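Numbers 1 to 325, taken from my numbering, label the letters of the sequence shown in order.
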Amino acid sequence: MLNLFFVIIGIILLTFSAERFIESAAVIAKKHQISPVVIGLIIVGFGTSLPELVVSIVATLHGNLGLPIGNAIGSNITNIALVIGLTAIIKPISVHSNILKRELPLMLFALGIVYLLILNGQITRLNGVFMAGAMAGIIGIFYYFAQQPSLVNDAYIVEIDQEETKIAQKMGLRAATAWLLFGLIMLPISSEILVKGAVGLAVHFGVSEVIIGLTVVAFGTSLPELAASIISVIKNEPDIAVGNIIGSNLFNLLAVLGVPAIIQPLPVKSVVLARDYPVMLGLSLLFFLMCFGKPSRQIKRWHGIVLFILYMLYIASLCFDTAIK
């Protein structure tokens, strides 16, 4: 029971501190007249994966090398199947942003490259440097794109800018700085609590850290994306919902797997290559077709139901495999 308590408290604190950190960072950038494209693509787009990154780094430092693999892949599966699935069930998601139409193929390309890198059963330090470097390069490219005036009118950027303007009107620079520092302090602390509880659960139930990462930790670290996506479609800002998931999944693939591997090489079990990675790849391709398939370019309610059912089937298969073993 104590381990479950640690997991629940860790998830709550992690979600809260991550939201405050991203919100305050965006407000500070806004007040310093940073381009809304930079805020939208970099701070908000990738910031939602901060929980995954910090949890994976903390787990690696403690020698729990299965958690980063399970966390990154599980979060990507959860983001598409559960987050987009539930969001689309609440309200169909239309995709208008030209930026997102460029980002999603980039995510699919990254999926292919990362798969080739891990085929030997390990993410080496060199692989980690390459992946983290690729993420840094993508951020640099996005920053370069931010200088193009035409992107300010992109649907995704407009929606983000409207939201951050509302928050900036309510939050002063001092308050934003204080919340930023709070987030910086609480992110690693809450991650320590979550990792402690997650590892304890794995030991208690006799399952691998990868399974706990794919399920409990992935669900917990994906809660910011779930909350943000549902709120976005309710406010009629569908591009934010899709943008959060694309940015988060791209960051998970390259940074959340890459940075911990620089600290210590990560072993990749054959079952992950045979079961979990193909599921993530298949869902990503399905997501692409739903977003950009003609004629509507809309993720409909029945699409959401299909995604949600696929998520439940995947979780059920993990439980079944664990029970057999």
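Don't be surprised by glycine CBs; every beta carbon is placed ideally from N, CA and C.
As the structure is a computational prediction, the values presented were derived from the model and not from experiment.
Start-end ranges of the alpha helix (DSSP H) lying completely within the segment 92 to 119, minimum 4 residues:
98 to 118
Just to confirm the assignment: which complete beta strand (DSSP E) runs, minimum length 3, are found wholly within the segment 244 to 271?
none
Exposed or buried, VAL44, counting other C-beta atoms within 10 Å across all chains shown (16 or more means buried)?
As a first step, residue 44 is located in the sequence shown; it is residue number 44 there, counting from the start. VAL44 comes out buried.
For the segment 74 to 92 against the segment 295 to 312, do three or more pairs of beta-carbon atoms, one drawn from each stretch, fall closer than 8 Å, so that the two count as touching?
yes
Can you give me the start and stop residues for the alpha helix (DSSP H) that TYR52 sits inside?
One-based indexing of the sequence shown puts residue 52 at position 52. Just to set this straight, residue 52 is Glu in the shown sequence, not Tyr. That run of the alpha helix (DSSP H) goes 50 to 61.
Top-ranked residue by Cα proximity to VAL271, from ILE305, PRO265, ASP321 and LEU307
Taking the first residue of the sequence shown as position 1, residue 271 is located at position 271. Nearest C-alpha to VAL271: ASP321.
Would you mind stating whether VAL27 and ALA176 have Cβ atoms separated by less than 8 Å?
Along the sequence shown, read from residue 1 onward, the residue named residue 27 stands at position 27. Along the sequence shown, read from residue 1 onward, the residue named residue 176 stands at position 176. Their beta carbons are under 8 Å apart, which means VAL27 touches ALA176 by this criterion.
Boundaries (first-last residue) of the alpha helix (DSSP H) holding GLN162:
For this step, residue 162 is matched to residue 162 along the sequence shown. Here the alpha helix (DSSP H) through GLN162 covers 155 to 170.
Could you say if the segment 59 to 77 and the segment 252 to 264 meet the contact criterion of at least three C-beta pairs nearer than 8 Å?
yes
C-alpha gap between LEU126 and GLY247, whole angstroms:
Taking the sequence shown and counting its residues from 1, one reaches residue 126 at position 126. Taking the sequence shown and counting its residues from 1, one reaches residue 247 at position 247. The straight-line gap from Cα to Cα measures roughly 24 Å.
Helix, strand or coil at ILE123 [DSSP, three-state]
Walking along the sequence shown from the start, residue 123 turns up at place 123. Strand.
For ARG174, report the span of its alpha helix (DSSP H) as first-last.
Within the sequence shown, residue 174 is the residue found at index 174, counting from 1. Run containing ARG174: 173 to 205, per the alpha helix (DSSP H) assignment.
Integer Cβ distance of GLY213 from LEU67, believed to fall under 8 Å
Residue mapping note: residue 213 aligns to position 213 of the sequence shown, counting from 1. Residue mapping note: residue 67 aligns to position 67 of the sequence shown, counting from 1. So it is a contact: roughly 4 Å between Cβ atoms.
Determine the direct distance from the alpha carbon of ILE167 to that of ILE193, and round the result to whole angstroms.
For the purposes of this step, residue 193 is taken as residue 193 along the sequence shown, with counting starting at 1. For the purposes of this step, residue 167 is taken as residue 167 along the sequence shown, with counting starting at 1. When rounded, the distance between both Cα atoms is 30 Å.
Who does GLN298 pair with in a DSSP beta bridge?
On the sequence shown, position 298 is the one that residue 298 refers to. Note: GLN298 sits in a beta bridge opposite SER94.
Three-state secondary structure (DSSP) at ILE65?
Against the sequence shown, residue 65 aligns to sequence position 65. The sequence as given places Leu at residue 65; Ile does not occur at that position. Correct three-state label for LEU65: coil.
Would CYS291 pass as a contact of LEU104 if the rule is Cβ separation under 8 Å?
Taking the first residue of the sequence shown as 1, we reach residue 291 at position 291. Taking the first residue of the sequence shown as 1, we reach residue 104 at position 104. Taking 8 Å as the Cβ cut-off, CYS291 and LEU104 qualify as a contacting pair.
DSSP three-state label for ILE22, please.
Your numbering for residue 22 matches position 22 in the sequence shown. Note: ILE22 maps to helix in three-state DSSP.
Three-state secondary structure assigned by DSSP to LYS235
Walking along the sequence shown from the start, residue 235 turns up at place 235. Here LYS235 sits in coil by DSSP.
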